[in-house]
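Here the structure comes first, spelled out in C-alpha cells, and everything after it is commentary.
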Amino acid sequence: MTALVLASSSPRRRELLERTGFSFTVVGPTVDETRQPAEAPADYVRRMAEAKANAARTAHPAAAVIVAADTVVVRETEMLGKPRDRDEARAMLQDLSDHWHRVLSGWCVVGPEAEPRGRLVETRVHFKELTDHEVGWYLDTGEWRDKAGAYGIQGRGAFLVDALEGSYSNVVGLPLSQVVDALAELGLDPAPLSAADRDTEIIG
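Each residue of the sequence shown is one higher than the one before, counting from 3 in my numbering.
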C-alpha cells in the first residue's frame, strides 16, 4: 500500500512536503481546470483541489491518504492564473505593483474511506512599487513561467514582496501547517530526524 500520495505536478508543492519529512508518491492528476461562469475564486480552488483528489483516488485506489491543492492569485475581484506569455506576465506584475493581493489555496486531505472535503487558506501579500527596469529584469529570469500571478515568492521573486499577512508556505503553493495537522489526524506523521540531522548545527 502507498501510504501517502501528493496529487500535484507542482515541484514547489513536492519540495514543501519533502521538507516536512514525509515519504510520498507524486501523481499529476488530469482534471478539467475550466472555471465555471461566475464562480468565485475561493469556490474554484476548493473545487479544483477536490477534483484532483478524486482523480488521484481513481488512479491509486490503494493509497492510504491523498493530498491535493490548487492555488490562485486574486487582485481585488480578478483571478490571476498562470500567464500565457511574457506580455501577460508583465501586465500581471504591473497590476500587482504597490498593491495588496490575496493568494488562495484550496486543499484537501482524504483517507481511503472518506470523501474529499475542500478547505481554504488565504494569505494577503503586498508588492513594492516596481520600476519598469525591475519588471523587465524579473521577466528576463523566466521565473514567472508556470506561476500563478507571474511570480515565485520562494525564488528571485522574493524581492517583489514587502509585506505578508498569513501563511508563507500557502503563497508557495501548500499551506503546510494546516496540511500537516490534517495528516496527523489521519495517523500520518513525518519521518523522525536522522542522527545526522539532529547533530547539524546551523550558524547564522
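We put the CB at the ideal spot given by N, CA and C, even for glycine.
On a predicted model such as this, the values are computed, not experimentally measured, just so you know.
Just to confirm, are residue i and residue j a CB contact at a threshold of 7 Å?
i	j	result
residue 16	residue 28	yes
residue 48	residue 122	yes
residue 185	residue 111	yes
residue 164	residue 130	yes
residue 55	residue 70	yes
residue 53	residue 76	no
residue 192	residue 83	no
residue 159	residue 145	yes
residue 113	residue 162	no
residue 9	residue 58	yes
residue 190	residue 127	no
residue 173	residue 155	yes
Measure the alpha-carbon distance for residue i versus residue j and round it to whole angstroms.
i	j	result
residue 157	residue 50	25 Å
residue 109	residue 176	8 Å
residue 43	residue 125	13 Å
residue 147	residue 60	30 Å
residue 100	residue 31	36 Å
residue 204	residue 39	Summary for residue 204: the model assigns pLDDT 36, below 50, so the residue's position carries little reliability, and this model does not support an answer.
residue 202	residue 11	Caution is warranted here: a pLDDT of 33 is assigned to residue 202, below 50, making its placement in the model unreliable, and the coordinate value is therefore given only provisionally. Using only the alpha carbons, I get a separation of about 31 Å.
residue 81	residue 21	29 Å
residue 3	residue 102	Per-residue confidence for residue 3 stands at a pLDDT of 46, beneath the threshold of 50, marking its modelled position as unreliable; the derived number appears in the next sentence. Whole-angstrom Cα-Cα distance: 44 Å.
residue 195	residue 133	Unreliable placement is indicated for residue 195, whose pLDDT of 47 sits below 50; the coordinate value is still reported in the next sentence. Approximately 44 Å, taken between the alpha carbons.
Taking residue i as part of the beta strand (DSSP E), name the residues at either end of that continuous run.
i	result
residue 73	67-77
residue 164	163-167
residue 102	102-112
residue 9	6-9
residue 125	121-129
Since residue i contacts residue j with CB under 8 Å, what's their CB separation in whole angstroms?
i	j	result
residue 67	residue 18	With 8 Å as the limit, residue 67 and residue 18 do not qualify as a contact, their Cβ atoms being about 16 Å apart.
residue 106	residue 74	5 Å
For residue i, tell me which candidate among the options has the shortest Cα-Cα distance.
i	options	result
residue 140	96, 55, 167 and 170	96
residue 137	149, 153, 102 and 127	153
residue 45	151, 142 and 120	120
residue 79	115, 63 and 41	41
residue 63	72, 117, 142 and 143	117
residue 65	143, 151 and 26	26
residue 72	180, 35 and 143	35
List the endpoints of the continuous alpha helix (DSSP H) containing residue i.
i	result
residue 1	Past the edges of the chain, shown from 3 to 206, lies residue 1, and the structure says nothing about it.
residue 41	Element bounds for residue 41: n/a, residue is neither H nor E.
residue 32	No alpha helix (DSSP H) holds residue 32; DSSP gives it neither H nor E.
residue 20	13-21
residue 95	88-98
residue 82	First-last for residue 82: 80-82, but that is the beta strand (DSSP E), not the alpha helix (DSSP H).
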